[in-house]
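**Q**
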Amino acid sequence: MPQNKSTKFMDTVIFTLYNYASNQREEYLLLKLFESALREEIKSKVDHIQEIVTGNPTVIKMVLSFYRGARGQNALRQLLGPVVKEIIEDKNLGINTNPVDIYKAWVNQLETATGEASKLPYEVTPEQALAHEEVRTKLESSNQVLRTVTDKVLSSIMSSLDSIPYGMRYIAKVLKDTLHEKFPDATEDELLKIVGTLLYYRYMNPAIVAPDGFDIIDMTAGGQVHSEQRRNLASVAKMLQHAAANKLFEDESDHLTPMNSYISQTYQRFR
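Take the sequence shown: its letter number 234 is residue 234 in my numbering, and every next letter is one higher.
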């Protein structure tokens with residue numbers, strides 16, 4: 001049986017066994033199962049602290065499946081729905097941090113304004129695109145908008161932390177405590193980055209990128225999230241992902257290194 005099907009099968013069996021935590025007793029027992037399984041996973045299978053992130057343990061997938069499913073859908077709606085809806089409905093919002101895309105849009109704009117084909121090459125590298133002052137200016141403007149919108153989303157999350165299901169928060173605590181027991185030399189920063197990865201990247205991020213797929217916003221019949229709206233959401237989600245793990249931009253994202261000080265500041269808010 002393929003892994004994704006076996007995981008879904010296991011979810012169905014276990015959630016049914018515990019009656020989808022329909023009352024407090026069953027919810028308590030399911031949560032204790034999650035806790036025991038996570039502790040055992042870390043104790044017997046995790047040899048390096050980062051493996052809990054890269055290994056994608058079955059118990060973590062099960063916890064996310066439960067608290068992002070019907071049981072936790074209202075929580076995600078309360079947590080993210082209003083601010084995501086605001087981003088989608090802002091017709092003037094256009095976040096683009098890709099220098100090549102910005103360059104091509106600028107060339108098209110020049111051609112439209114003059115009615116003539118531009119003498120500038122259409123296919124360029126990010127470095128060649130950034131050689132043009134107009135591209136650098138537009139990128140900085142887009143970065144500023146991105147910072148503003150990211151702040152808005154993070155403030156919304158921080159003001160609604162009580163909306164995160166208790167079970168999700170409890171498992172995050174179990175994860176941190178158990179990793180600390182297994183790896184006593186790990187710094188607080190290392191532990192918090194892993195917890196941030198669970199709570200933000202694994203739990204919230206997918207719902208920000210694809211709000212229609214997780215039903216956190218109401219869509220009109222036949223309505224859809226358009227490509228520019230999805231790009232705006234993906235840009236914000238990427239910033240929050242980096243901030244939650246305090247992961248700075250470098251190498252292929254070299255053009256975003258001016259955002260690194262913002263990433264570090266935002267990480268402190270995540271703590």
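Idealized CB from N, CA, C, for every residue including glycine.
Source: prediction; values computed, not measured.
Name the two residues that bound the continuous alpha helix (DSSP H) containing TYR203.
**A** Numbered from its first residue, the sequence shown carries residue 203 at position 203. It is not in any alpha helix (DSSP H) - TYR203 carries neither H nor E in the DSSP assignment.
**Q** Could you have a look at ALA234 and say whether DSSP puts it in helix, strand or coil?
**A** Translated into positions along the sequence shown, residue 234 becomes position 234. DSSP places ALA234 in helix when its eight states are reduced to three.
**Q** CB-CB under 7 Å to LYS61, same chain, minus the five flanking residues each way: which ones, in chain order?
**A** Numbered from its first residue, the sequence shown carries residue 61 at position 61. Contacts found: THR7.
**Q** Label THR12 either buried or exposed according to how many other C-beta atoms from any shown protein chain fall within 10 Å of its C-beta, with 16 as the threshold for buried.
**A** For this step, residue 12 is matched to residue 12 along the sequence shown. Classification for THR12: exposed.
**Q** Below 8 Å on the Cβ atoms is my contact criterion, and I expect LEU179 with ALA186 to pass it. Report the Cβ-Cβ distance as a whole number of Å.
**A** In the sequence shown, the residue the question calls residue 179 occupies position 179. In the sequence shown, the residue the question calls residue 186 occupies position 186. Sure, about 7 Å apart at Cβ, within 8 Å.
**Q** Does the segment 40 to 55 come close enough to the segment 146 to 159 that 3 or more CB-CB pairs lie under 8 Å?
**A** no
**Q** How would you write the range of the alpha helix (DSSP H) that HIS180 sits in, first residue to last?
**A** Along the sequence shown, one-based indexing puts residue 180 at 180. Its alpha helix (DSSP H) spans residues 166 to 182.
**Q** With DSSP run on the structure shown, which of helix, strand or coil describes LYS247?
**A** As a working note, residue 247 is residue 247 in the sequence shown. Correct three-state label for LYS247: coil.
**Q** Between GLU181, SER118, LYS152 and SER22, which lies nearest to LEU38 when the distance is taken from Cα to Cα?
**A** Taking the sequence shown and counting its residues from 1, the one referred to as residue 38 is at position 38. Residue GLU181 is the option with its Cα nearest to LEU38.
**Q** At 4 residues or longer, and completely inside the segment 16 to 104: list those alpha helix (DSSP H) runs for me, N to C.
**A** The DSSP assignment places 24 to 45, 51 to 54, 58 to 68 and 73 to 89 as complete runs of the alpha helix (DSSP H) inside the segment 16 to 104, in order along the chain (cut-off: 4 residues).
**Q** In angstroms, rounded to a whole number, what distance separates the CA positions of TYR20 and ASN74?
**A** Taking the first residue of the sequence shown as 1, we reach residue 20 at position 20. Taking the first residue of the sequence shown as 1, we reach residue 74 at position 74. If I take the Cα positions, the gap works out to 15 Å.
**Q** In chain order, what residues of the same chain lie with their CB nearer than 8 Å to the CB of ALA129, ignoring the 5 residues before and after it?
**A** Translated into positions along the sequence shown, residue 129 becomes position 129. Correct list, in chain order: PRO99, VAL100, ILE102, TYR103 and VAL135.
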